[in-house]
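Read the structure below first, then the notes.
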Amino acid sequence: MVPIAIGLTLILIAAGVIGILIFGFMNVVSGKLALDKMLTVAVPFVLAIIAYFVFGDATQAAIFTMLLMIGIVFLGIFLTGARSSFIKI
Numbered sequence: 000m001v002p003i004a005i006g007l008t009l010i011l012i013a014a015g016v017i018g019i020l021i022f023g024f025m026n027v028v029s030g031k032l033a034l035d036k037m038l039t040v041a042v043p044f045v046l047a048i049i050a051y052f053v054f055g056d057a058t059q060a061a062i063f064t065m066l067l068m069i070g071i072v073f074l075g076i077f078l079t080g081a082r083s084s085f086i087k088i
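Taking numbering that gives the first Met the number 0, the leading residue of the sequence shown gets 0, the next gets one more, and so forth.
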């Protein structure tokens, strides 16, 4: 019973991922989604792949990617805060 439930769960996850990819591609082609926004979402995945090839270990690559993304977020928060402090709109 458990292997059947696991198999069905994996099938549902795969169907969801395939649906996301198909509809995402359709939105890009129809112009509903800007390519720069899509590339922004892809940054962590690209960093994780590069880190995996550098470190050769998935765990180290995941931790490095997480720390790097946290650093990028802090830098972005700092820069937007600094910009709003000195530039009055």
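Virtual Cβ for every residue (Gly too), placed ideally from N, Cα, C.
For Thr79, count neighbouring Cβ atoms within 10 angstroms of its own Cβ and tell me buried if that reaches 16, exposed if not.
exposed
For the putative contact between Leu46 and Leu67, defined by C-beta atoms under 8 Å, what is the C-beta separation to the nearest angstrom?
6 Å
In three-state DSSP terms, what is Gly30?
coil
Along the alpha helix (DSSP H) that carries Gly70, what are the first and last residues, could you check?
57-85
Could you give the distance in angstroms between the alpha-carbon of Gly70 and the alpha-carbon of Ile76?
10 Å
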